[in-house]
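Structure first, then comments.
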Amino acid sequence: MKKILSIIGVAGALFMISSCEDFLDTTNLYETSLENFYQTPQDIAEAMGGVYNALYVSNVHSEEHLAANLLADYMFGGGGPDDISAKNVARFQDPTEDTYRDLWIETYNGVYRANAIIEALQENDYSAFFNTDAEEANFVNTNLGEAYFMRGFFMYRAARFFGGMPLINATDAPRDVPRASMEETFGQIASDFLIAAQTMPVVDGANLPLSNYGHANRWVAKAYLARTYLFYTGYMTNIENTPTEVVPLPDGGSLTRNEVIQHLEDVRDNSGYAMVSDFRNLWPYSHVNESAGEVVLPWADNEGLAWVGQDGPNSAIGTGNTEVMFSLRYAFGNWDWDGGTGQKYNNRICLFFGIRGNSLIPFGQGWGWGTIHPAFYNNWPDEDVRKHGSVLVMGDPDQGTEGYQPEQGDHETGLFNKKYTTLQHDGEEGVRGMFYYLHGWSHGDPMQLWAAQDFYYLRFSDILLMHSELTQTADGMNLVRARAGLEPVSWSMENLKRERLYEFAFEGIRWFDLVRWGDVEDASANYYAVSAEVNNSGVTATHSVTYRPETKGLLPIPESEIRLSNGVYQQNPGW
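Be aware that the sequence shown starts at 22, since it is given in our numbering, and climbs by one per residue.
Below is the structure:
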């Protein structure tokens, strides 16, 4: 069982920062703790659990993978007639003034907790707990690098949505600081990732112990250096129209393309991570037949699929996953946890993006958000195994969807995302979620709490595709294509973009790619303006989206945070 329960417990006991009318809407509960906590390795381990706890947000619109997917061009808002918020996000309107407030709040909760660990590890002596200096150094470097990475990750996650962020790099730093520029913000993010990559020891990605799986490591930090470089240089060049080939660092140096390529090659050649042999085995639908004890998904049986699991190379369930490098770890939830927000520890995307009004086997019902644009689906070559590995088609007996009843929601296209959706089958307690049976759970309202599927932040295939993009060579791209059963192609930016679209569909990456390439503003390079026939709760209609370039690919800063800042923060353009 995953360690999420310990994260929740530690966070509840030590790290929950209560809401108040204070700048950045956080309360400093650390002043006494900084003096009498963080003194032992166990203290640091518990504190790190509190850092990771800030990855979980209460409001579903602050979930990175929900917001980024709804903003992308291949999804519609969907849902029912009352699901206005999903529709407004998908058409670039702010549903309420604080739609994304939880993302902002948890960013600074996580940053503060990471700062506390960084300061403690730099100041305290832990030699009494180790037999040798080398053991102590390994402990300090591992945790120090991880804290730097997580501080950078929280800022990276938020800055791609909000743009420049207030930089608060110490527990006693002033909070009433203005938003930094994009250059300063991404420079600080790159600096944190660089320190993490240089500090954390080498680990073998092919042999990570199950007991410690889920933590960031040296290779993850190097990969996020590349992601930071690509997003920042792309955004400044294509959205701000100030071309740049470097990320300026706070110390006066810079992160260059060649340096990023070297980091990626180090990950590619030395990390131990590798793509799994079949793309479709990354997703838990490949396990539903085995879990059910019978064939409930004929397509998976015919294709001989076998899930690799989501707990790393030594996964207790599945054949072993060498591809996923970093993920948001989920388990079962409970409505009562964390002040009534315990559902956030369950992957709500499977629920919100699930098939509306239809409880099928093996695909259960959900709220029907994020229906798939048919033009995107129709343009996807049938010979690419990722097409049917990513998109769930209604009315197909091989997919178990022959009993689908339409006209249950809005923007219906008969196409749903298959990577993150509710899975269920019959069993001793009747029809329940696959994860419910895998882990023997028992809790209230299981339909809304049984999706324990991890969200994949980073897969090894992105190492190969980022390397191809930066070097303008086809080798990495063609390795990814070969895994999908496709012939090699020559290098071109068009081929690279298409490959990323199909490899990472519904993984929260497409939106940020569109922004950094400037394609979000080019109607010929996206599906926003392409009309589609949809069914809106029984009424046939056509639907398209108008992107608003005045927003510059950013979301609105929460209005409550602007008010709390007393005018220090300025709202993003277009909002």
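The C-beta atom is built at its ideal place from N, Cα and C for all residues, glycine as well.
Worksheet item: Under the DSSP definition of a beta bridge, which residues are partnered with G99?
Response: Against the sequence shown, residue 99 aligns to sequence position 78. Beta-bridge pairing links G99 to W390.
Discussion item. Using CA atoms only, rank isn't needed, just tell me which of D496, D154, G208 is closest to E286.
Written reply: Residue numbering aside, residue 286 sits at position 265 when the sequence shown is read from its first letter. Selected option, being the one with the closest Cα: D496.
Discussion item. So for S489, helix, strand or coil by DSSP?
Written reply: On the sequence shown, residue 489 is found 468 positions in, with the first residue counted as 1. When DSSP states are grouped into helix, strand and coil, S489 belongs to the helix group.
Worksheet item: Are the stretch 273 to 285 and the stretch 321 to 332 touching by the rule of at least three beta carbon pairs closer than 8 Å?
Response: Counting C-beta pairs closer than 8 Å gives fewer than three between the stretch 273 to 285 and the stretch 321 to 332, which falls short of the contact rule.
Fill in: I126 (DSSP reduced to helix, strand or coil)
Sequence index remark: in the sequence shown, residue 126 carries index 105 (1-based). Helix.
Practice prompt. Locate the alpha helix (DSSP H) running through E286, then write down its first and last residues.
Written response: Within the sequence shown, numbered from 1, the residue matching residue 286 stands at position 265. In the DSSP assignment, E286 falls within the unbroken alpha helix (DSSP H) covering 278 to 291.
Worksheet item: What number of angstroms, rounded off, separates the C-alpha of D146 from the C-alpha of A137?
Response: Along the sequence shown, read from residue 1 onward, the residue named residue 146 stands at position 125. Along the sequence shown, read from residue 1 onward, the residue named residue 137 stands at position 116. Their backbone Cα atoms lie some 15 Å apart in a straight line.
Fill in: Spatially closest choice to T494 from A505, F373, P509, by CA coordinates
Locating residue 494 in the sequence shown gives position 473, counting from the first residue. Cα-wise, what sits closest to T494 is P509.
Practice prompt. Whole angstroms is fine: what's the gap from S336's alpha carbon to Q469's?
Written response: Within the sequence shown, the letter at position 315 stands for residue 336. Within the sequence shown, the letter at position 448 stands for residue 469. Roughly 25 Å between the two C-alpha positions.
Fill in: Buried versus exposed, by CB contacts within 10 Å (16 or more), R584
The residue given as residue 584 occupies position 563 in the sequence shown. It is exposed - the Cβ of R584 has fewer than 16 other Cβ atoms within 10 Å.
Worksheet entry | For N438, the first and last residue of its enclosing alpha helix (DSSP H) | Indexing the sequence shown from 1 puts residue 438 at position 417. Not the alpha helix (DSSP H): N438 falls in the beta strand (DSSP E), residues 436 to 438.
Worksheet entry | Chain-order list of residues whose beta-carbon lies under 6 Å from that of S586 (same chain, five-residue window excluded) | Counting from 1 along the sequence shown, the entry for residue 586 is found at position 565. Around S586, the same chain offers no residue with a beta carbon nearer than 6 Å, after the five sequence neighbours per side are excluded.
Discussion item. Given this structure, state the Cα-to-Cα distance separating N279 from I210, to the nearest angstrom.
Written reply: Indexing the sequence shown from 1 puts residue 279 at position 258. Indexing the sequence shown from 1 puts residue 210 at position 189. Approximately 18 Å, taken between the alpha carbons.
Discussion item. I'd like to check one pair, I338 with L444: are the Cβ atoms closer than 8 Å?
Written reply: Position 423 of the sequence shown, counting from 1, holds the residue named residue 444. Position 317 of the sequence shown, counting from 1, holds the residue named residue 338. With respect to the 8 Å criterion, L444 and I338 are not classified as neighbours on the basis of their beta carbons.
Worksheet item: In angstroms, rounded to a whole number, what distance separates the CA positions of V316 and N310?
Response: Mapped onto the sequence shown, residue 316 falls at position 295. Mapped onto the sequence shown, residue 310 falls at position 289. If you take the alpha carbons of V316 and N310, they lie about 5 Å apart.
Item to complete: Leaving out five residues on either side along the sequence, give the residues of the same chain with a beta carbon under 6 Å from the beta carbon of T120.
Response: Along the sequence shown, read from residue 1 onward, the residue named residue 120 stands at position 99. Counting only Cβ-Cβ distances below 6 Å, and skipping sequence neighbours, we find H82.
Worksheet item: When burial is assigned at 16 or more other CB atoms within 10 Å of the CB, is A135 buried or exposed?
Response: The residue you call residue 135 lines up with position 114 of the sequence shown. Counting every other CB atom within 10 Å of its CB across the protein chains shown gives A135 a total of 16 or more, marking it as buried.
Discussion item. Within a Cβ cutoff of 7 Å, which residues of the same chain sit near Y95, ignoring the five residues on either side of it in sequence?
Written reply: Counting from one through the sequence shown, the residue named residue 95 turns up at place 74. Within the same chain, Y95 has close Cβ partners I393, H394, F397, A526, R531, Y548.
Worksheet item: For S348, which three-state DSSP category applies?
Response: Taking the sequence shown and counting its residues from 1, one reaches residue 348 at position 327. Of the three classes helix, strand and coil, the one that applies to S348 here is strand, per DSSP.
Worksheet item: When the Cα of D431 is compared with those of G378, F384, Y478, R480, which residue comes out closest?
Response: Within the sequence shown, numbered from 1, the residue matching residue 431 stands at position 410. Out of G378, F384, Y478, R480, G378 has the C-alpha closest to the C-alpha of D431.
Discussion item. With three or more beta-carbon pairs closer than 8 Å as the criterion, would you say the stretch 219 to 228 touches the stretch 150 to 166?
Written reply: Segments in contact, yes.
Worksheet item: What are the partner residues of D564, as DSSP defines its beta bridges?
Response: Here the question's residue 564 lines up with position 543 in the sequence shown. Inspection of the sequence shows that residue 564 is occupied by His rather than by Asp. Beta-bridge pairing links H564 to A553.
Item to complete: For F214, count neighbouring Cβ atoms within 10 angstroms of its own Cβ and tell me buried if that reaches 16, exposed if not.
Response: As a first step, residue 214 is located in the sequence shown; it is residue number 193 there, counting from the start. F214 counts as buried, since no fewer than 16 other beta carbons sit within 10 angstroms of its beta carbon.
Fill in: Own chain partners of E542 with C-beta closer than 6 Å, once the 5 adjacent residues on each side are dropped
Translated into positions along the sequence shown, residue 542 becomes position 521. Non-local C-beta neighbours of E542 in its own chain, meaning closer than 6 Å and more than five positions away in sequence, comprise P570, ordered along the chain.
Worksheet item: Residue range of the alpha helix (DSSP H) that V412 falls in?
Response: Within the sequence shown, the letter at position 391 stands for residue 412. Where V412 is concerned, there is no enclosing alpha helix (DSSP H), although the beta strand (DSSP E) it sits in stretches over 412 to 414.
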